[in-house]
Amino acid sequence: MRTQVAIIGAGPAGLLLGQLLHQAGIDSVILERRSHDYVLSRIRAGVLEQGTVGLLDKVGASSRLHAEGLSHDGFDLLFGQKRHRIALDRLTGGKHVTIYGQTEVTRDLMDQRAAQNGKTVFEAGDVALHDFGGTSPFVTYVEDGITRRLDCDVIAGCDGYHGVSRASVPASALDIFERIYPFGWLGVLADVPPVSHELIYARGERGFALCSMRSGTRSRYYIQCDQGERVDAWSDERFWDELRRRLDPASAEALVTGPSIEKSIAPLRSFVAEPMRFGRLFLAGDAAHIVPPTGAKGLNLAASDVHYLFEALTEFFVERSQAGIDAYSQRALARVWKAERFSWWLTSLMHVFPEQSPFEQRIQQAELDYLVSSQHAMAALAENYVGLPY
Ligand code: RFL
Ligand code: PHB
Numbered sequence: 101m102r103t104q105v106a107i108i109g110a111g112p113a114g115l116l117l118g119q120l121l122h123q124a125g126i127d128s129v130i131l132e133r134r135s136h137d138y139v140l141s142r143i144r145a146g147v148l149e150q151g152t153v154g155l156l157d158k159v160g161a162s163s164r165l166h167a168e169g170l171s172h173d174g175f176d177l178l179f180g181q182k183r184h185r186i187a188l189d190r191l192t193g194g195k196h197v198t199i200y201g202q203t204e205v206t207r208d209l210m211d212q213r214a215a216q217n218g219k220t221v222f223e224a225g226d227v228a229l230h231d232f233g234g235t236s237p238f239v240t241y242v243e244d245g246i247t248r249r250l251d252c253d254v255i256a257g258c259d260g261y262h263g264v265s266r267a268s269v270p271a272s273a274l275d276i277f278e279r280i281y282p283f284g285w286l287g288v289l290a291d292v293p294p295v296s297h298e299l300i301y302a303r304g305e306r307g308f309a310l311c312s313m314r315s316g317t318r319s320r321y322y323i324q325c326d327q328g329e330r331v332d333a334w335s336d337e338r339f340w341d342e343l344r345r346r347l348d349p350a351s352a353e354a355l356v357t358g359p360s361i362e363k364s365i366a367p368l369r370s371f372v373a374e375p376m377r378f379g380r381l382f383l384a385g386d387a388a389h390i391v392p393p394t395g396a397k398g399l400n401l402a403a404s405d406v407h408y409l410f411e412a413l414t415e416f417f418v419e420r421s422q423a424g425i426d427a428y429s430q431r432a433l434a435r436v437w438k439a440e441r442f443s444w445w446l447t448s449l450m451h452v453f454p455e456q457s458p459f460e461q462r463i464q465q466a467e468l469d470y471l472v473s474s475q476h477a478m479a480a481l482a483e484n485y486v487g488l489p490y
């Protein structure tokens with residue numbers, strides 16, 4: 101089989117790239133390790149920047165998002181038992197975010213690709229990347245027990261943090277920047293109405309908590325938990341009790357609980373691999389970088405990478421120019437690092453760190469107090485939260 105762009109991974113990065121390329125008349129094949137249903141069972145991000153929505157508009161995969169997504173023009177920061185509203189629209193000159201699950205974004209993109217007869221191989225085993233240092237790369241994989249070969253002009257590594265693409269690059273060619281946080285997030289999805297019509301990011305003595313949602317009847321809650329905590333140690337009852345204790349009295353009172361439909365623990369890390377291009381291999385999304393989820397930036401960064409990569413590949417295939425692919429890594433990383441900084445900062449501000457000294461605790465408290473007392477500081481938070489331009 102032959103294609104122009106071999107895309108590794110059918111997450112949001114790979115699927116969005118596939119649809120942008122399709123629109124530009126550039127052929128792609130997606131190789132995905134998991135089954136279609138498995139990919140659609142993963143519960144992840146929930147907050148979309150306007151830039152991400154714009155890209156979904158551009159490929160025509162946003163009608164359900166506009167019908168069912170929730171437009172939010174603010175969120176609350178809760179600390180010291182008090183809620184402080186961050187008015188995104190007022191602080192940013194009218195910008196907002198959209199609450200719409202990553203699972204639904206993935207479903208919409210997959211449905212659209214299938215309707216256009218775009219080729220996706222699910223359950224592609226042993227995917228291996230070859231010769232991307234030269235001009236004729238190819239990918240091998242196993243489908244139904246048979247080893248197949250996909251020849252291509254370029255490879256887009258959109259296969260997430262644990263994927264094969266970054267791992268195929270010699271370690272000596274990569275610079276890795278990493279921070280592992282000494283805690284995780286325990287998340288619960290439940291068919292109960294959200295405790296508030298906007299998100300609440302809470303920092304209390306017992307740790308961080310986040311009240312988010314997927315719809316008016318489906319809630320997504322997270323609490324900071326210890327590193328190495330096991331999900332089966334958390335009954336629903338224990339989770340709801342702990343969440344309640346991290347909220348202000350009015351929210352704790354209003355919290356509606358119910359059986360969880362998903363419960364999982366995510367470790368928190370910051371990670372960047374530089375560069376994002378090796379000859380004819382380009383990394384995009386979690387394959388190249390990870391942010392802790394506090395700033396809601398992971399999926400949105402995957403989308404901005406794909407925007408830059410799509411522009412670079414269009415120049416390469418349509419205008420026959422190398423300039424775009426030569427500049428890709430630098431352009432993408434400039435935005436990545438700003439989101440890394442923001443996610444690290446908000447994580448540091450909102451969590452309880454086990455080794456925190458009394459001095460550091462007071463500094464954290466002072467920063468929170470300053471933040472909500474300064475229009476300039478709140479505007480900087482809001483500007484980053486709605487998404488920096490690209
Ligand atoms: P994905 O979504 O991980 O997709 C990669 C795909 O590649 C496949 N794959 C392979 N395929 C072939 N061969 C191999 N060897 C392969 N290895 C892997 C995988 O099966 C998968 O289908 O990466 P992508 O597309 O870069 O997308 C990134 C986002 O998924 C991620 O950044 C976000 O989910 C992060 N994130 C959030 N981002 C936001 O923007 N807003 C949020 O509110 C937000 N909340 C979150 C989050 C991530 C979380 N977790 C679980 C880490 C909340 C949580 C709890
Ligand atoms: C979510 O709804 O899953 C979510 C929302 C905001 C975040 C992280 C996750 O910062």
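Throughout, the working numbering is defined as the position within the sequence shown, counted from one, plus 100.
Cβ atoms here follow ideal geometry from the backbone N, Cα and C, with glycine treated the same way.
- Query: Is DSSP giving Gln456 helix, strand or coil here?
  - Reply: coil
- Query: What is the DSSP secondary structure of Phe222, reduced to helix, strand or coil?
  - Reply: coil
- Item | Simplified DSSP state of Ala67, which is helix, strand or coil | The shown model of the chain, from 101 to 490, leaves out residue 67, and the question about it has no answer.
- Residue from Tyr322, Gly218, Gly193, Leu347 whose Cα sits closest to the Cα of Asp336: Tyr322
- Task: Give every residue of the same chain whose Cβ lies closer than 6 Å to the Cβ of His230, excluding the five residues on either side of it in the sequence, and list them in chain order.
- Result: Phe238
- Task: Pick helix, strand or coil for Asp405, following the three-state DSSP scheme.
- Result: helix
- Task: For Met101, count neighbouring Cβ atoms within 10 angstroms of its own Cβ and tell me buried if that reaches 16, exposed if not.
- Result: exposed
- Query: At a cut-off of 7 Å, is Ser315 close to the ligand PHB when judged by its beta-carbon and the heavy atoms of the ligand?
  - Reply: no
- Message: For Val391 and Gly284, what's the separation of their Cα atoms in angstroms?
- Response: 13 Å
- Task: May I ask you to verify whether the region 158-165 touches the region 205-212, counting CB pairs closer than 8 Å and requiring at least 3?
- Result: yes
- Quick one: Cα of His136 to Cα of Gly151, how far? 26 Å
- Query: CB Gly169 to CB Tyr200, shorter than 8 Å?
  - Reply: yes
- Query: Grouping DSSP H, G and I as helix and E and B as strand, with all else coil, what is Trp334?
  - Reply: coil
- Message: Quick check on the DSSP output: what are the complete alpha helix (DSSP H) runs of length 4 or more inside the region 419-469, in order along the chain?
- Response: 423-450
- Item | Sequence-distant residues of its chain with Cβ nearer than 6 Å to Met376 (five each side left out) | Leu383, Ala388, Ser429, Ala432
- Query: beta strand (DSSP E) containing Thr240: first to last residue?
  - Reply: 238-243
- Quick check: the region 439-457 against the region 414-429, are there 3 or more CB pairs under 8 Å? no
- Item | Pro282: first and last residue of the uninterrupted beta strand (DSSP E) it sits in | 275-290
- Query: Going along the chain, which unbroken runs of the beta strand (DSSP E) with 3 or more residues stay wholly within the region 352-379?
  - Reply: 360-374
- Message: Cutting at 7 Å between CB atoms, please list the residues of its own chain near Gly307, excluding the five before and the five after it.
- Response: Ile323, Gln324, Arg346, His451, Val452
- Message: Contact defined as beta carbons within less than 8 Å: I believe Val292 pairs with Gly245. What is the distance between those atoms, to the nearest angstrom?
- Response: With 8 Å as the limit, Val292 and Gly245 do not qualify as a contact, their Cβ atoms being about 45 Å apart.
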